[in-house]
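Counted the way the working numbering counts, the sequence shown spans residues 912 to 1208.
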Amino acid sequence: MANIATRHGLQIVKGGTYASRSFAQPSVVAKPASMRVAHPVRVGRRGVRTYAEAGGSTVVEEKPSARKSGLALMLDDGTRKSHSMAENTAFVTGFFKGIAERESFARLVAGLYFVYEAMEDAFDNCTDEAVKSLDFKELRRLKSLEEDMTYYYGENWRETVKPSPMAQKYVAQIKKIAEEEPVLLIAHQYTRYLGDLFGGQMMGGMATKSLKLAEGKGVSFYNFDDIPDAKGFIEEWYTQMNSLDLPQEIKEAIVDEGNAVFALNIDLFSELEGNAFQSMFTLAWEAIREKLGWSTA
912 MANIATRHGL
922 QIVKGGTYAS
932 RSFAQPSVVA
942 KPASMRVAHP
952 VRVGRRGVRT
962 YAEAGGSTVV
972 EEKPSARKSG
982 LALMLDDGTR
992 KSHSMAENTA
1002 FVTGFFKGIA
1012 ERESFARLVA
1022 GLYFVYEAME
1032 DAFDNCTDEA
1042 VKSLDFKELR
1052 RLKSLEEDMT
1062 YYYGENWRET
1072 VKPSPMAQKY
1082 VAQIKKIAEE
1092 EPVLLIAHQY
1102 TRYLGDLFGG
1112 QMMGGMATKS
1122 LKLAEGKGVS
1132 FYNFDDIPDA
1142 KGFIEEWYTQ
1152 MNSLDLPQEI
1162 KEAIVDEGNA
1172 VFALNIDLFS
1182 ELEGNAFQSM
1192 FTLAWEAIRE
1202 KLGWSTA
């Protein structure tokens, strides 16, 4: 049995080679033989993947996804109702109505700017090691939101744009937990950043098309140029989160805060255009679940 040491690109093992972009470091069981290329065929139970090759097959035992255990699983299961979307035409239609007007979309960008300003200021000043370990610079959104604010509101937007009532409520909650129980900021990292990374990219494309925006303009928030492999990045993020040595009661409190954050986002979006913008947030999470193969039950 040999371990694969290469993290990205072509990974070579004794007895076979295969290409992978996984962040996880799988263990490989292969027949002794000369170097040869193995092509993935299927994934079975317990993360065992079989690779077909001339004269037989190579079995690659991959680590189970980090989302299937620990705090990652608790957050997924514990917030399931909060980010489940009603599968009906009216709800989906509302989403498309929500991105049909530039003014409404600009107000969404403004609301998100004030939320992320508070979030990322809290992360900058946080001394909690668990929060700091999950604060990947590639995820930060404030700079991109500043670009979008300039696009929609002009150079003097800082003097003219103020947070809405729901944005103020959201910001107050971030500041409250940052002061009183900063470890709960993990729930905000989980809820917002993961939604941005997967579902947000889908939403950015839809907004560009619907609002007839110039390519790349007004949707900087949704572009993660430093994260070419979103699924692999999220797997690494979950692995890091699961490695945190947190008491059970703290993990449960993080799940509770996660549900509170979902509610704050729904309020923020509903304030703009009712169910139209609420559906944008929910669709973002639906995209995550679909791409990661999560159950929607």
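Beta carbons: idealized from backbone N, C-alpha and C, even for Gly.
Asked                                                                                                                                                           : Found
Classify R1103: buried if its beta carbon has 16 or more other beta carbons within 10 angstroms, exposed otherwise.                                             : buried
Which term fits G1065, buried or exposed, when burial requires 16 or more other beta carbons within 10 angstroms of its beta carbon?                            : exposed
Along the alpha helix (DSSP H) that carries Q852, what are the first and last residues, could you check?                                                        : Outside the displayed range of the chain (912 to 1208) lies residue 852, so it cannot be described from this structure.
Just the Cα atoms here: how many angstroms apart are V954 and S1154?                                                                                            : Any reading at V954 must be qualified, since the residue scores a pLDDT of 39, below 50, and its modelled position is unreliable; the value itself is stated next. Their Cα atoms are separated by approximately 25 Å.
Counting along the chain, where does the alpha helix (DSSP H) carrying T1071 start and finish?                                                                  : W1068 to T1071
Need the endpoints of the alpha helix (DSSP H) that D1059 sits in, please.                                                                                      : L1053 to Y1064
Sorted by chain position, which residues of the same chain lie with C-beta nearer than 7 Å to E1058's C-beta, five sequence neighbours on each side aside?      : S1131
On the criterion of 16 or more Cβ atoms from any shown chain inside 10 Å, does A1125 qualify as buried, or is it exposed?                                       : exposed
Between F1135, Y1063 and A1021, which has its C-alpha nearest S1075's C-alpha?                                                                                  : A1021
Put R991 into one of helix, strand or coil per three-state DSSP.                                                                                                : coil
Could you tell me whether the Cβ atoms of V1042 and I1085 are closer together than 8 Å?                                                                         : no
Can you find the residues in the same chain that come closer than 7 Å, C-beta to C-beta, to D988, ignoring five residues on each side of it along the sequence? : none
Are there 16 or more other CB atoms within 10 angstroms of the CB of T1071, so buried, or fewer, so exposed?                                                    : exposed
Would you check if the distance between the CB atom of Y1062 and the CB atom of G1129 is smaller than 8 Å?                                                      : yes
Hey, how far is the Cα of E1092 from the Cα of A1033?                                                                                                           : 12 Å
Classify A930 as buried or exposed, calling it buried when 16 or more other Cβ atoms lie within 10 Å of its own Cβ.                                             : Confidence at A930 is low in this model, with a pLDDT of 36, below 50, so the placement of that residue should be treated as unreliable; the coordinate-derived value is given next. Flag for A930 reads exposed.
Since L1096 is in the alpha helix (DSSP H), which residue starts that stretch and which ends it?                                                                : L1096 to H1099
Looking only at its chain, what residues have a beta carbon closer than 7 Å to the beta carbon of L1045, apart from the 5 residues adjacent to it on each side? : I1097, Q1100, W1148, Q1151 and M1152
Closest to A1171 by CA distance: which of R1013, S1055, F1047 and A1083 is it?                                                                                  : A1083
Using DSSP with H/G/I as helix, E/B as strand and the rest coil, what is T1038?                                                                                 : coil
Assign N1067 to one of two classes, buried (16 or more other C-beta atoms within 10 Å of its C-beta) or exposed (fewer than that).                              : exposed
Whose C-alpha, out of R1052, D1167, D1178 and I1145, is nearest the C-alpha of R991?                                                                            : D1167
Is K1043 helix, strand or coil when you go by DSSP?                                                                                                             : helix
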